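Presented below is the structure to which this report refers.
Residue numbers (our numbering), protein chains in the order written: chain D, 7 to 147; chain B, 7 to 147; chain U, 7 to 147; chain Z, 7 to 147; chain G, 7 to 147; chain E, 7 to 147.
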C-alpha cells in the first residue's frame with residue numbers, strides 16, 4: 007500500500023476569538039493569538055492520499071488533478087487572506103488550526119468522488135503546519 | 007480525530023557506554039558514540055497528543071498546559087546538560103535515543119492525569135530527532 | 007574579524023496598500039498582497055553584529071544583551087500583531103519588508119550606544135526573511 | 007514499541023515514459039517529467055524499522071548494519087545514476103517514486119532475514135521524498 | 007542600502023565530462039559526477055538585487071518583473087531538463103555549478119537594461135545551491 | 007569572481023568556563039552554557055573558497071581536496087568529542103564559537119599553501135552554525 011503526500015503553502019492571517027467567551031476568557035485561553043487586529047502565518051498544508059498502484063503509469067494518484075482540487079477549493083480562498091473575514095466558514099467557528107483542518111476536509115470531501123471517481127483513491131489525512139512548533143493532523147479513518 | 011504535535015528543543019551531551027560490556031564491546035557496538043568524554047546534539051522532541059475537539063474553543067489541547075508540563079518535567083532537566091551525569095535515570099540505563107524516549111514517556115505519564123484530567127486527552131507518541139539522519143518514535147498504544 | 011548573526015522570529019500580518027495610489031494602481035503593484043483584510047507571515051529576523059573578540063570571554067557580543075534589545079524594541083511590538091494597525095511607524099509608510107527593515111534599524115540604532123557603550127560593537131546588517139522565497143537585507147555601512 | 011527512522015540521500019535522474027502509451031499520452035500524463043533527456047532530483051530515502059528494545063545496549067536496531075544494507079543494495083546503485091538506464095529494474099517499469107519504493111522494498115526484503123536474523127527486527131515502511139512537495143510512503147504491513 | 011534576494015528552484019540533470027580530458031582524467035577529476043548517463047539535482051537559484059528604495063511603493067524592485075525575467079530566461083529552459091543536451095551553452099562548456107552561474111549571469115545581463123531601465127536596479131550576485139553541501143556564488147561587482 | 011561554499015557537520019560537546027573568572031562571573035556571563043558537565047550541539051561548518059575558474063574543468067576548487075583537508079584537520083578531531091578535553095587548543099581558550107572559528111582558521115591556514123599551491127585559491131571565510139539561532143563568521147580578509 008502506497009501513500010502520496012503532497013505539500014501546499016498559503017500565507018494567511020487570523021485572530022483567535024470566540025463570541026461565546028468574555029474578553030478576559032478569550033485573552034486567558036488564546037493569549038497573544040487573541041490580539042485584536044489578528045496576526046499571520048505561512049501555513050503548510052499536506053494532503054495524504056492512498057490508492058492502488060496503476061501498473062502502467064506507475065502512479066497512485068494523478069498529482070495534477072489533486073493540485074487543481076486543492077488549489078480551487080482551498081489555496082485560492084485562503085492564500086493572502088484574513089481568514090476571519092474572508093473565509094465564509096470562519097464566521098461561525100474560530101479559525102484555530104483544528105477548525106481549519108475540518109473546513110479543508112469538508113471542502114475536499116465534497117468534491118472527492120467527482121474528481122476521483124471509482125472509489126479507489128482515498129483521502130487518508132490532512133496535516134496543517136501552523137509554525138515549525140505546531141503541527142495538526144486530521145485522519146479521516 | 008485530530009492530533010496535535012508540538013515541537014521542543016534541547017541541546018545536550020551524552021556518551022554511549024554500558025558497564026555490562028567490555029571496552030572492546032562498547033567500542034564495537036557504539037563506535038565513536040563511545041568516545042570517553044561524550045559529545046552532543048541539538049535534540050528535537052515532538053510530543054503528539056490527541057483528543058476530542060472542544061466545540062467552543064476549537065482546540066484539542068491547551069498548548070500552554072502541555073508546554074508547562076514538558077518544560078518542567080523534561081526540557082528543564084535535559085537542556086544544556088550532560089545526560090549521563092545530570093539526569094538521574096541515566097545512571098542506570100545508557101542514554102540512547104530509545105532510552106531517552108522511555109524516560110520522557112515515563113515522566114510525562116506520571117503527571118498526565120493530573121495535568122489533563124477527564125481522560126479525554128491522550129499521549130499518542132513521542133518522537134526524538136537525534137540528528138537529521140536519526141529519528142526515533144515511541145508509540146504509547 | 008568575526009561577525010555574529012542572531013536569529014529571531016515573529017508572526018505578524020500586514021497589507022500592502024498606499025494612500026498615494028488609486029485602487030487599481032495598488033492592485034497592479036502589490037497583487038494579492040493588496041487584499042483588503044491583510045494576510046500574514048512567519049517572519050525571520052537576523053541581526054548581524056561585529057566587534058573585537060574579548061580575549062578572556064572569547065565572545066564578540068553578549069548575546070543576552072542583544073536579545074533583550076531586540077525583544078524589547080522589535081519582537082514584542084511586532085509579534086502576533088497586524089503591523090498596519092499596531093505598529094506606529096506603519097501608519098505613515100507601507101509595511102513592505104524594505105520598510106520593516108528601515109523601522110527595525112532605526113529602533114535598534116536609537117538604543118545601540120547606550121546598550122553597547124564604547125563603540126566597539128557594530129550593527130552590520132539586518133536581514134528579514136518574509137518567506138522562503140524572499141529575503142531582504144539592509145546593510146548599515 | 008519503538009520505531010527507528012534512518013535517513014539516506016541519493017542524487018539521481020529519471021524520465022517518466024511508458025512504452026505502453028503514445029507520445030501524446032505520455033506527455034499528457036507525465037507533463038514535463040516526460041521531457042526526452044530526463045531530469046534529476048536529490049532524493050531522500052527514509053527507512054523505518056521497529057523491534058524489541060535490547061535492554062543492555064538500549065537499542066532497537068544496529069544502525070551500522072542497517073546502513074551497510076541500504077548502502078550496498080540501494081544507495082550505491084542509485085546515487086549519481088540515470089535510473090532508466092542504470093538500474094536494472096527500471097528497464098521494465100517506469101521509475102516513478104511509487105515504483106522506486108517497490109524496487110527498494112524488494113531489494114531490502116530479499117536480504118532482510120540474513121542481515122537481521124531472529125525475526126524480531128521489522129521493516130515497517132519506506133518513505134521517498136522526491137522533492138519538498140512530494141513524499142511517497144510504502145507500508146509493508 | 008537594501009538588497010532583495012529572490013529564490014527559484016529547478017530540477018535538472020547533468021554529467022560532468024570534458025572532451026579535453028581522457029576517460030581516466032575525467033573519472034579522476036569528477037568522480038561519480040562523471041557517470042556516463044548523468045544524474046540530477048534539485049537546484050536552488052538565488053538572485054540578489056539592490057537599488058534605491060522607492061519612497062512611495064516602499065520597494066527596491068518589482069518582484070513580479072524579476073520573476074518573469076528569471077522564469078523566461080532561465081527556469082523555463084533548465085527545469086526538468088538534461089542540461090548537457092537541452093541547454094545550448096552546455097554543448098561548449100561543462101555544466102558545473104560554476105559554469106551554470108556564468109550562463110545564468112550572461113542570460114540575465116543581456117536583458118537587464120531593457121527590463122529594469124534607468125540603471126538604478128543592480129544585479130548584485132547569483133547563488134546556486136547544487137545540494138545542501140555545495141553552494142556557489144557569482145558576484146558581479 | 008566565484009565563491010564556493012562547502013558544508014560540513016560535526017556533533018560535539020563543550021562547556022563555557024574561564025579560569026580567569028569566578029564561579030559567579032562564569033555563571034553570569036555564560037548562563038546555562040556554564041553548566042558543570044557540558045552540553046552539546048550539531049555544529050555546521052561552512053568553508054568559503056574563491057579563486058579563478060579553470061576554463062577546462064569549469065571548477066574553482068577541487069572539492070575532494072578541500073574535503074580531505076577539512077576532514078583530516080578539523081572534523082576528525084572535533085566530531086563526537088568533548089572539545090574542552092579532547093581538542094588541544096581548548097585547554098588554553100574557552101571553546102566559544104568565536105574561538106572555534108579561530109582554531110579552525112589557524113588549522114586550515116597552516117596547510118593551505120601546500121594543499122592548494124600556486125596562491126590562486128583563497129580561503130575567504132569560515133562560518134559556524136552553533137544552533138539555528140546562532141551563526142558566527144570569520145572573514146580572513
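All C-beta atoms in this analysis are idealised placements derived from N, C-alpha and C, irrespective of residue type, glycine included. Since this is a predicted model, take the numbers as computed values, not measurements.
Item: Kindly list, in the order they appear in chain G, the residues whose Cβ is closer than 7 Å to that of residue 64 of chain E.; Value: 99, 100, 102, 104 and 105
Item: What's the C-alpha gap between residue 119 of chain Z and residue 131 of chain Z?; Value: 16 Å
Item: Going along the stretch 10-36 of chain B in order, which residues come within less than 7 Å of chain D, judged by CB to CB distance?; Value: 10, 11, 12 and 13
Item: Output yes if chain B places a C-beta closer than 8 Å to the C-beta of residue 89 of chain Z; else output no.; Value: no
Item: Whose CA, out of D:48, D:25, D:71 and D:44, lies closest to the CA of residue 123 of chain D?; Value: D:71
Item: By Cβ distance below 8 Å, which residues in the same chain neighbour residue 89 of chain D in space, the five residues on each side in sequence not counted?; Value: 18, 19, 20, 96, 101 and 106
Item: Anything in chain E within Cβ reach of residue 41 of chain B, meaning under 7 Å, just list it in chain order.; Value: 86 and 87
Item: Cβ atoms of residue 55 of chain B and residue 62 of chain B: under 8 Å apart, would you say?; Value: no
Item: Assuming contact is defined by CB atoms lying nearer than 8 Å, are residue 42 of chain U and residue 126 of chain U in contact in what I supplied?; Value: no
Item: Closest Cβ-Cβ distance between residue 83 of chain U and chain D: below 8 Å?; Value: no
Item: By how many angstroms is the C-alpha of residue 136 of chain G removed from the C-alpha of residue 35 of chain U?; Value: 33 Å
Item: Considering only the alpha carbon of each residue, which of D:93, D:91, D:44 and D:12 lies closest to residue 74 of chain D?; Value: D:12
Item: Using a C-beta to C-beta distance shorter than 7 Å, which residues of chain D count as neighbours of residue 113 of chain Z?; Value: Within chain D, no residue comes near residue 113 of chain Z; the closest Cβ sits about 16 Å away, beyond 7 Å.
Item: What does residue 129 of chain B reach in chain Z if we use C-beta pairs closer than 9 Å?; Value: Going along chain Z, no residue has its Cβ under 9 Å from residue 129 of chain B, so there is no contact; the nearest lies around 14 Å.
Item: Could you tell me whether any Cβ in chain U is nearer than 8 Å to the Cβ of residue 51 of chain E?; Value: no
Item: Which residues of chain G have a Cβ atom closer than 8 Å to the Cβ of residue 120 of chain E, listed in chain order?; Value: The premise fails here: residue 120 of chain E is roughly 20 Å from chain G at the closest Cβ pair, so nothing lies under 8 Å.
Item: Work out the CA separation of residue 121 of chain E and residue 110 of chain E for me, nearest whole Å.; Value: 16 Å
Item: How far does the beta strand (DSSP E) with residue 57 of chain G in it reach, from first residue to last?; Value: 45-57
Item: If you reduce the DSSP assignment to three classes, tell me which class residue 63 of chain E lands in.; Value: coil
Item: Would you identify the three-state DSSP class for residue 142 of chain D, choosing helix, strand or coil?; Value: strand
Item: Identify every run of the beta strand (DSSP E) within the stretch 9-36 of chain D, keeping only runs that are complete inside it and at least 3 residues long; order them along the chain.; Value: none
Item: On the DSSP letters alone, give me the boundaries of the alpha helix (DSSP H) that residue 111 of chain B sits inside.; Value: 103-121
Item: Give every residue of the same chain whose Cβ lies closer than 7 Å to the Cβ of residue 69 of chain G, excluding the five residues on either side of it in the sequence, and list them in chain order.; Value: 12
Item: Identify each residue in the stretch 67-82 of chain G for which the Cβ-Cβ distance to at least one residue of chain U is less than 8 Å, and report them in chain order.; Value: 68, 69 and 70
Item: Give every residue of the same chain whose Cβ lies closer than 7 Å to the Cβ of residue 33 of chain D, excluding the five residues on either side of it in the sequence, and list them in chain order.; Value: 40
Item: Report the neighbours of residue 44 of chain G on chain Z: residues whose CB is nearer than 8 Å to its CB, in chain order.; Value: 19, 44, 46 and 88
Item: Taking the continuous alpha helix (DSSP H) assigned at residue 78 of chain B, which residues delimit it?; Value: Premise fails: residue 78 of chain B is in no alpha helix (DSSP H) and is neither H nor E.
Item: Please work out which residues of its chain come closer than 7 Å, Cβ to Cβ, to residue 38 of chain G, disregarding the five sequence neighbours upstream and downstream, and give them in chain order.; Value: none
Item: With DSSP as the reference, label residue 147 of chain U as helix, strand or coil.; Value: coil
Item: With respect to 7 Å, is the separation between the Cβ of residue 31 of chain U and the closest non-hydrogen atom of the ligand GTP below this value?; Value: The ligand GTP is not among the ligands present in this structure, which contains no ligands whatsoever.
Item: Which class does residue 137 of chain G belong to by DSSP, given the choice of helix, strand or coil?; Value: strand
Item: Can you find a CB in chain U that lies within less than 8 Å of the CB of residue 59 of chain G?; Value: yes
Item: Under 8 Å between the Cβ atoms of residue 47 of chain E and residue 44 of chain B?; Value: no
Item: Given a cut-off of 8 Å on the beta-carbon distance, is the pair residue 14 of chain Z and residue 93 of chain Z in contact?; Value: no
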